[in-house]
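Numbering (our numbering), first residue to last: 3 to 483. For every residue, glycine included, the Cβ atom is placed at its ideal position computed from N, Cα and C. Here the structure is a predicted model, which means the values were calculated and not measured.
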């Protein structure tokens with residue numbers, strides 16, 4: 003969360019109601035803005051397809067192409083996300099600002115290289131027309147760089163520009179879409195989506211250029227962090243698998259619908275999952291604002307006492323105060339998430355039935371199941387983030403591994419049951435994530451002095467890992483040029 007918390011504390015600590023709502027707004031723009039924007043853009047495309055009198059198969063094909071690009075870009079970005087975020091946070095803390103922007107472009111180039119080979123190969127084998135392949139790769143590339151930029155924009159305080167960018171992107175999608183439909187441009191709606199995301203990417207890069215020192219040198223130093231924090235890398239992979247595996251598995255189950263070539267979707271499940279995911283935004287924003295802003299100062303004070311400036315009594319007293327604050331904030335967050343989940347399940351379902359989204363009884367059942375699942379996931383994910391706060395990377399990795407494994411196994415098993423049970427695999431996995439992270443967090447914080455002092459390595463290890471070797475090779479080649 004490279005730097006956002008510091009700015010939020012300035013706003014939140016002003017104390018007024020409006021200041022606190024402003025802090026929630028800042029967090030929402032950065033953390034949930036891109037996700038909400040993606041959903042709004044998809045809804046805009048749906049509206050345009052209805053306006054253009056697309057058939058159901060044509061609309062499903064278009065939305066399928068966009069969905070695959072989004073999921074593939076998230077998969078590639080997720081490989082780098084947590085570790086690169088840690089690297090950026092370290093550079094900001096050490097005030098090495100000149101290394102930040104080069105690391106964005108260097109890691110982005112590696113993402114696109116991996117993505118073009120993997121996703122590009124899938125597209126070429128999928129049997130879709132060449133123009134669709136080109137536009138899909140373009141959209142995929144834009145999305146990769148946008149998701150990646152979000153990790154850097156948490157340190158940028160130009161929230162108004164970011165909000166304007168999101169609003170303009172929706173208008174561009176609608177404007178370009180209407181123009182494409184009126185001129186009967188082939189793949190016009192897909193092209194309008196690419197144009198909107200291109201605008202977002204350009205504006206995000208402009209914002210970063212205004213904030214960070216300009217540098218055009220390559221910087222692959224972040225690769226060393228993969229060796230140092232490899233468990234962080236695993237946490238990101240496991241969370242991604244657990245979060246999205248149930249959707250992909252349903253693309254090839256009884257709800258599957260072929261949309262051309264290798265492309266399959268499950269519209270009745272996909273739409274329900276997309277809308278149900280919105281309930282997680284409550285915990286995400288609450289964690290960033292309430293838990294991080296209120297809890298972090300006490301957390302920081304506690305660890306600073308170990309630098310030889312605090313007595314044993316002072317350390318114990320500060321620990322009690324810190325953990326009390328943590329428990330209170332988690333309790334408030336859990337209640338807010340429970341309320342949001344129940345409102346979505348029983349009030350939101352009524353609203354969705356009124357809106358012209360084609361929600362039937364089957365989709366309503368999936369929506370309610372997934373709302374409960376995503377609600378449990380949201381609180382479990384907050385617990386997991388707190389484990390990362392306390393540097394319990396091993397514990398976080400184990401919890402995320404259980405989440406991923408159960409999500410995959412039970413989502414596959416439900417494909418052989420009645421279709422009403424689909425979604426319960428993810429619900430069970432989310433429950434396990436919540437229970438395991440809660441138990442691990444309680445256990446880990448029972449004996450914090452030992453965790454801080456006794457669990458450290460007595461002798462530092464200086465092994466050179468694969469990613470460090472890769473970094474040294476890239477640096478040697480760059481110096482030879």
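Of all C-beta pairs linking the segment 373 to 383 to the segment 272 to 290, three or more are shorter than 8 Å, placing the two stretches in contact. The criterion of a C-beta distance shorter than 9 Å is not satisfied by residue 128 and residue 260. Annotation for residue 260: the continuous beta strand (DSSP E) segment containing it runs 259 to 262.
Among the bridge pairs identified by DSSP, residue 265 is matched with 262. Less than 9 Å separates the beta-carbon of residue 50 from that of residue 175.
Boundaries of the alpha helix (DSSP H) around residue 190: 190 to 213.
Boundaries of the alpha helix (DSSP H) harbouring residue 299: 298 to 306, taken from the DSSP string.
Distances from the alpha-carbon of residue 288 to those of 308, 328, 278 and 194 put 328 closest.
DSSP, reduced to helix, strand and coil, places residue 168 within a helical segment of the structure shown. Going by C-alpha positions, residue 355 is about 21 Å away from residue 53. Each residue's CA atom was taken as its position, placing residue 372 and residue 78 some 25 Å apart.
The beta-carbon separation of residue 244 and residue 406, rounded to 4 Å, stays under the 8 Å limit for a contact.
Relative to residue 218, the option among 106, 479, 362 and 473 whose CA is nearest is 106. With fewer than 16 other Cβ atoms inside 10 Å of its own Cβ, residue 348 counts as exposed.
For residue 424, the closest alpha carbon among the candidates 430, 416 and 431 is that of 416.
The segment 428 to 438 and the segment 397 to 413 touch, with no fewer than 3 CB-CB distances between them shorter than 8 Å. Per the coordinates, the alpha-carbon of residue 318 lies some 12 Å from the alpha-carbon of residue 448.
One thing to note: residue 44 has its Cβ within 9 Å of the Cβ of residue 276. Between the alpha carbons of residue 322 and residue 224 lies a gap of roughly 36 Å. Counting C-beta atoms within 10 angstroms of its own C-beta, residue 309 has fewer than 16 neighbours from the protein chains shown and is therefore classed as exposed. For residue 473, the CB contacts under 8 Å within the same chain, skipping 5 residues up- and downstream, are 222, 223, 225 and 226 in chain order. In this structure, residue 278 sits away from residue 413, with a CB-CB distance that is not shorter than 9 Å. If you draw a straight line from the Cα of residue 429 to the Cα of residue 374, it comes to about 7 Å. Following the DSSP letters along the chain, one finds residue 88 inside the alpha helix (DSSP H) bounded by residues 58 to 95. Residue 88 counts as buried, since at least 16 other C-beta atoms from the protein chains shown sit within 10 angstroms of its C-beta. Excluding the 5 residues flanking it on each side, residue 205 has same chain C-beta neighbours closer than 6 Å at 167, in chain order.
For residue 220, no alpha helix (DSSP H) encloses it, and the DSSP letter there is neither H nor E. Going by DSSP, residue 396 is part of the alpha helix (DSSP H) stretching over 395 to 415. With fewer than 16 neighbouring CB atoms inside 10 Å of its own CB, residue 58 falls in the exposed class.
Each residue's CA atom was taken as its position, placing residue 193 and residue 165 some 23 Å apart.
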